[in-house]
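Line by line, the protein sequences give chains H and E.
Going by numbering that gives the first Met the number 0, the letters in the first sequence line up with residues 0 to 150, in that order.
Going by numbering that gives the first Met the number 0, the letters in the second sequence line up with residues 0 to 129, in that order.
Virtual Cβ for every residue (Gly too), placed ideally from N, Cα, C.
The structure presented is a predicted model; accordingly, all values stated were derived computationally and were not measured.
One structure is given below, encoded as structure tokens.
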Amino acid sequence: MLYTRWQPFGFVGTEMNRLQHEMNRLFNRFGLAESNDEFRVAPSYPALDLWQDGENLYVEAELPGLELDDLEIYVTGGNELTLKGKREAPVVEDGTWHRRERGFGNFSRVMTLPHNVNAEKVDATLKNGVLTVTLPKLENSKHRRITVKAS
Amino acid sequence: MKDLIKKEPDSNVATVESTRSGTTYVPRFDIVETEDGMTLYGDMPGVTTEDLEVRFENEHLMIFGEVKSRHDGREHVYGEYDIGDYHREFQVNQKIDTEKISAELKNGVLVVHLPKAEALKPRKIDVKAG
């Protein structure tokens, strides 16, 4: 499992709590546990945030340690964004690991966007381990204000 | 060497509070020890070197990172994570050559190298034939 950070101090302090938290997360994923609003944890990696303005949608993901070349990003069907990649573990010749909290491996994520976007003009930047994908909204998909005339 | 780095205190122990409001996250770390020293790898996406502070004091390695909002003026549509500052401390029960501590930040990953003090490094002794 790939994560970039834990919940804040107050929520998850002890090893036991963390385990409980991971279990809840696992069960929630399969709809087996009651939903717990306190933990809004992403069901898969990477966790995504979505923002918008009049022109674009902005999908953001935290991908520390990755380069743009490690990523495959594409839009299909006008409104489906796919993110694929692999995170490699650092190579250490010989040594003793005292902690291994970070996750590594392959990931793939598909997100359905709330607007159709221009797949030709999608732009992606990766800065300080944060990926931002800028997706221009298609004209016919933008909100239009309808003027209501008094009769 | 098992207790080289102690576990953080339990949640019921009062923790340090930030003067800034907002959430503080505990970044995830990998720690590896070699003959020369220890190397720590921490995931701190969104942090820049200007907003990162790494300190070594009284056998404590302290890491603080400030994360600024990235989407001012935009409407938040959907979210699976929140951003916040980072804070983590490790107690290092070993003699470290503090002059030679180094740290680098690349693509949101912080790498801190804590070299062992010379006296503690394992040394191979040549045995001569008599």
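- Residue environment: E/Ala-118 is assigned as exposed (fewer than 16 neighbouring CB atoms within 10 Å of its CB, all protein chains considered).
- Here E/Lys-99 carries a helix assignment [DSSP, helix/strand/coil].
- Take the alpha-carbon of E/Leu-104 and the one of E/Gly-45: they are about 11 Å apart.
- For E/Val-126, no Cβ of chain H is located within less than 8 Å of the residue's own Cβ.
- For E/Phe-63, no chain H residue has a C-beta closer than 9 Å to its own C-beta; the minimum C-beta separation is roughly 13 Å.
- Per DSSP, the continuous beta strand (DSSP E) segment holding H/Ala-123 begins and ends at 122 to 126.
- Among the residues of the segment 104 to 118 of chain E, those with a Cβ less than 7 Å away from any Cβ of chain H are Asn-106, Gly-107, Val-108, in the order of the chain.
- Around the beta carbon of H/Lys-148, a 10 Å sphere encloses fewer than 16 other beta carbons of the protein chains shown; the residue is thus reported as exposed.
- Within 8 Å of the CB of H/Pro-135, no CB atom of chain E is found; the nearest one sits about 14 Å away.
- At least one C-beta of chain E is nearer than 8 Å to the C-beta of H/Thr-95.
- Straight through space, the alpha carbons of H/Leu-82 and H/Lys-141 are spaced by roughly 24 Å.
- Residue contact with chain E for H/Asn-115: absent (no Cβ-Cβ distance below 8 Å to any residue of chain E).
- Taking C-beta separations shorter than 7 Å and ignoring five residues to either side along the sequence, the partners of H/Ser-43 in its chain run Arg-108, following chain order.
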